[in-house]
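Mapped onto my numbering, the consecutive letters of the sequence shown carry residue numbers 27 to 229.
In this text, a Cβ means the ideal position worked out from N, Cα and C, and glycines have one as well.
Quantities reported herein were computed from a predicted structural model and do not represent experimental measurements.
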Amino acid sequence: MNTYFPPETIERVIEFHGHQCPGLAIGIRASELCLNKLGHNNESSLVTICETDMCGVDAIQFLTGCSVGKGNLLLRDYGKMVFTFFRREDGKGVRALLNPEFLEENRNEMSKLMKATSDGFATEADKKKCKEIRSEVEAKYLEADLDEMFIIGAPQMVMPRPAAILESLECESCGEKIMESRSRRFAGQTLCIPCFSKVEQKI
Numbered sequence: 027m028n029t030y031f032p033p034e035t036i037e038r039v040i041e042f043h044g045h046q047c048p049g050l051a052i053g054i055r056a057s058e059l060c061l062n063k064l065g066h067n068n069e070s071s072l073v074t075i076c077e078t079d080m081c082g083v084d085a086i087q088f089l090t091g092c093s094v095g096k097g098n099l100l101l102r103d104y105g106k107m108v109f110t111f112f113r114r115e116d117g118k119g120v121r122a123l124l125n126p127e128f129l130e131e132n133r134n135e136m137s138k139l140m141k142a143t144s145d146g147f148a149t150e151a152d153k154k155k156c157k158e159i160r161s162e163v164e165a166k167y168l169e170a171d172l173d174e175m176f177i178i179g180a181p182q183m184v185m186p187r188p189a190a191i192l193e194s195l196e197c198e199s200c201g202e203k204i205m206e207s208r209s210r211r212f213a214g215q216t217l218c219i220p221c222f223s224k225v226e227q228k229i
């Protein structure tokens, strides 16, 4: 294992997430990159933007100290294996894209076997092979050099603004309170997004 996290920390990440898998390993290594370049959120104010909602996001939350609840872990689910980290104090940032050529053959085979299993067409031999290749890919992710596993570069987006305290408004349809920035206007009324969706015909 090449990652600098000790085995007991990896075990805690797996326990936090609920299982171990290649996706979690990607998040572990992306977190390592963040800590190497920018430090931990306890040491400085970090912001993480994940362009995927896969398993690795849990590892990033656990290991960097960024979280959705604190507003410094943002999910922009573009379906890309991309992680961007910023340090607010000096604006320094780094972008990590999982290298599509790294373990490409293994990952393609793994994807086919996982799909066959999910669709119910996998044989017992397929299921066994799928389990084996997932373990192999996970191990290789944890052993790889970061600059081999990721395409590392400058951020391609601006650093998000800090979270702001906004006014709470009342939805004039359901009567529930909503954050001002999430409100919608329709036919002269202030609505929450679910109530707006019921009356707006173009959504």
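- Secondary structure at residue 117: coil, using DSSP grouped into helix, strand and coil.
- Three or more beta-carbon pairs separated by less than 8 Å are not found between the region 94-112 and the region 127-134, which leaves the two stretches without contact.
- If you check the CB distance, residue 49 and residue 81 come in under 7 Å.
- At a cut-off of 4 residues, the continuous stretches assigned as alpha helix (DSSP H) that sit fully inside the region 170-220 are 172-175.
- Closest by C-alpha distance to residue 157, out of 117, 138, 67, is 138.
- Judged by DSSP in its simplified three-state form, residue 156 adopts helix.
- Judged by DSSP secondary structure, residue 90 falls within the alpha helix (DSSP H) whose first and last residues are 82-90.
- In the DSSP annotation of this structure, the continuous segment of the beta strand (DSSP E) that includes residue 73 starts and ends at 72-76.
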